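Scroll down for the structure; my scribbles are underneath it.
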Amino acid sequence: MNQPLAYIHPEAKIAQNVVVEPFSTIYKNVEIGEGTWIGPNVTIMEGARIGKNCKIFPGAVISAAPQDLKYKGEATTVTIGNNSVIRECVTLNRGTALDKNNTAIGEDCLIMAYVHVAHDCVIGNNVIIANAVQLAGHIEIQDYVFIGGTSAVHQFVKIGAHAMVSGGSLVRKDVPPFVKAAREPLSYAGINSIGLRRRGFNNDKIAEIQQIYRTLFLSGLNYTAALDKIELDMAPSAERDDILNFFRNSERGVIKGYSSSIDAN
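End of the sequence shown sits at 1450 in the working numbering; the numbers just go up one at a time, nothing left out.
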């Protein structure tokens, strides 16, 4: 149901059962899937690709031009996966031709109020980004990540799956999978054991992940030596290999361990 006080460009592709509330504006070259709700005073600009059963709350601006001086008006996109929620005053900028051509939000995500997602970011599935988080360009956030409110994430940073970043953090380096990150400067603060248990990881698997990070952050070895030791001493597993690959492929460098002999859980 489209309200008469909303403006929808005739070339926009809107599923029949999408609800568009009053005073929202939808530009051409926009696609919106079935069951999605567009709240009042939402602006959806060219290049938006919004999935099924999404909810977009008042004041959100979806697919505005990137805030990048190299952008010259080329046709690029923002994609939002099925069942994702975009809360009040979120801004999602579309991609650039010099990188991915697309800014991507996965399925079943919750992007809370006043979050900014800059050009060419890739956000996985089941991600929660709390209020007023600011993401610079070219960031990759993997599945099941939680980022606490008012955090700021540097461009090109990568945050691994199942990681939890505390509120108010300045994220300048990559955050590896399965960990909690806190303090200033941002540091390893134990593994995200509560989140892992909620997602079905058993005690043996959590202990395996914990042992890997004890070797990385608490053994006194540098990362290269620690990674070699983990690969030699521990049996291959999806989690072990994910951590090894994350560290070895990091371009910005990974956060450090904190200066304590206590291994937080």
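The beta-carbon is built from N, C-alpha and C at its ideal position, and this holds for glycine as well.
Values in this document were obtained by computation on a predicted structure and should not be read as measured data.
Give every residue of the same chain whose Cβ lies closer than 6 Å to the Cβ of Ser1354, excluding the five residues on either side of it in the sequence, and list them in chain order.
Indexing the sequence shown from 1 puts residue 1354 at position 169. Correct list, in chain order: Ser1336, Leu1371.
Select from His1339, Val1300, Thr1409 the residue whose C-alpha is nearest the C-alpha of Ala1245.
For the purposes of this step, residue 1245 is taken as residue 60 along the sequence shown, with counting starting at 1. Nearest neighbour of Ala1245 by Cα position, chosen from His1339, Val1300, Thr1409, turns out to be Val1300.
Kindly indicate which three-state DSSP category Glu1216 falls into: helix, strand or coil?
For this step, residue 1216 is matched to residue 31 along the sequence shown. Residue state for Glu1216 is assigned as strand, using DSSP reduced to three classes.
Tell me which residues share the same chain as Gly1224 and place their Cβ nearer than 8 Å to its Cβ, disregarding the 5 neighbours each side in the sequence.
Position 39 of the sequence shown holds residue 1224. These residues qualify, in order along the chain: Glu1206, Ser1209, Lys1240, Ile1241, Phe1242, Pro1243, Ala1245.
So who's on the other strand from Tyr1329, going by DSSP bridges?
Here the question's residue 1329 lines up with position 144 in the sequence shown. Beta-bridge pairing links Tyr1329 to no other residue.
Counting only beta-carbon separations shorter than 8 Å, does Tyr1408 have a partner in chain B?
Reference to chain B is not applicable here, since this structure consists of a single protein chain.
According to DSSP, is Asp1305 helix, strand or coil?
Position 120 of the sequence shown, counted from the start, is the residue given in the question as residue 1305. Residue state for Asp1305 is assigned as coil, using DSSP reduced to three classes.
Can you list the alpha helix (DSSP H) stretches of 4 or more residues lying completely in the stretch 1339 to 1424, in chain order?
Within the stretch 1339 to 1424, the alpha helix (DSSP H) runs of at least 4 residues that lie entirely inside it are, in chain order, 1378 to 1383, 1388 to 1403, 1408 to 1418.
Along the chain, where does the beta strand (DSSP E) that runs through Leu1283 open and close?
One-based indexing of the sequence shown puts residue 1283 at position 98. No beta strand (DSSP E) holds Leu1283; DSSP gives it neither H nor E.
Nearest by alpha-carbon distance to Thr1276: which of Glu1393, Gly1438, Ala1298 is it?
By 1-based counting over the sequence shown, the position of residue 1276 is 91. It is Ala1298 whose Cα lies nearest to the Cα of Thr1276.
Reduced DSSP secondary structure (H/G/I, E/B, other) of Arg1234:
For the purposes of this step, residue 1234 is identified with residue 49 of the sequence shown, where counting begins at 1. For Arg1234, the secondary structure class from DSSP, reduced to helix, strand or coil, is strand.
Hey, is the stretch 1408 to 1425 in contact with the stretch 1316 to 1334, meaning 3+ C-beta pairs nearer than 8 Å?
Contact between the stretch 1408 to 1425 and the stretch 1316 to 1334 is not established, with fewer than three Cβ pairs separated by less than 8 Å.
Residues that DSSP places opposite Ile1290 in a beta bridge:
Within the sequence shown, the letter at position 105 stands for residue 1290. In DSSP, Ile1290 forms a bridge with Ile1265, Ile1308.
Compute the Euclidean distance between the alpha carbons of Pro1361 and Arg1433, then round it to the nearest angstrom.
Residue numbering aside, residue 1361 sits at position 176 when the sequence shown is read from its first letter. Residue numbering aside, residue 1433 sits at position 248 when the sequence shown is read from its first letter. For Pro1361 and Arg1433, the distance between alpha carbons rounds to 11 Å.
Is it a yes or a no for the stretch 1214 to 1228 touching the stretch 1191 to 1206, going by three-plus beta-carbon pairs under 8 Å?
yes
Taking the alpha-carbon of Gly1442 as reference, which of Arg1425, Lys1390, Glu1369 has the nearest alpha-carbon?
Numbered from its first residue, the sequence shown carries residue 1442 at position 257. It is Glu1369 whose Cα lies nearest to the Cα of Gly1442.
Can you look up Lys1198 in the DSSP assignment and give me helix, strand or coil?
The count along the sequence shown starts at 1 and reaches residue 1198 at position 13. If DSSP states are grouped into helix, strand and coil, Lys1198 belongs with the strands.
Give the secondary structure of Ile1313 by DSSP, where H, G and I count as helix, E and B as strand, and everything else as coil.
Counted from its first residue, the sequence shown places residue 1313 at position 128. It is a strand residue.
Per DSSP, the bridge partner or partners of Gln1319
The residue given as residue 1319 occupies position 134 in the sequence shown. DSSP, once it has assigned bridges, lists His1301, Ala1337 as partnering Gln1319.
Of all the options Tyr1192, Ile1296, Cys1306, Ile1247, which has the alpha carbon lying nearest to the alpha carbon of Leu1283?
Taking the sequence shown and counting its residues from 1, the one referred to as residue 1283 is at position 98. The shortest Cα separation from Leu1283 among Tyr1192, Ile1296, Cys1306, Ile1247 belongs to Cys1306.
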